[in-house]
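Numbering (my numbering), first residue to last: 75 to 180.
Glycine included, every Cβ here is placed at the ideal spot set by N, Cα and C.
Source: prediction; values computed, not measured.
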């Protein structure tokens, strides 16, 4: 079955999520009746494909806890690193000021 010639801006229809009988008729060679049947959903059906869109539960979830964790890590690093560098500089200056520092390094 060949597709009808498409005009500018039209695309091929492979699936119809919204029933547009005029548009479907352009793609099929058999005549269509101006009606369609919509299957009522089975209330017991809970498998795929879903009959209705299942909306996700919108909650805060653990995101706030994760954000606080990483902001705490950043604060510890931001506040702790200068102290670490200061300690390293003090230790290196103490080693350099000792008279036997030259002998130990040799």
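Which residues in the same chain as residue i place their Cβ atom closer than 8 Å to its Cβ, once the five residues preceding and following it in sequence are excluded?
{"i": "residue 155", "result": "none"}
Using a threshold of 8 Å, state whether the C-beta atoms of residue i and residue j are closer than that.
{"i": "residue 110", "j": "residue 128", "result": "no"}
{"i": "residue 95", "j": "residue 108", "result": "yes"}
Using a Cβ-Cβ cut-off of 7 Å (strictly less than) and excluding sequence neighbours within five positions of residue i, which residues of its own chain qualify?
{"i": "residue 136", "result": "none"}
Kindly list the residues whose CB is nearer than 6 Å to the CB of residue i, restricted to its own chain and excluding five residues on each side of it in sequence; keep chain order.
{"i": "residue 75", "result": "Confidence at residue 75 is low in this model, with a pLDDT of 43, below 50, so its placement is unreliable and the value that follows should be read with caution. So the list reads 103, once near-sequence residues are dropped."}
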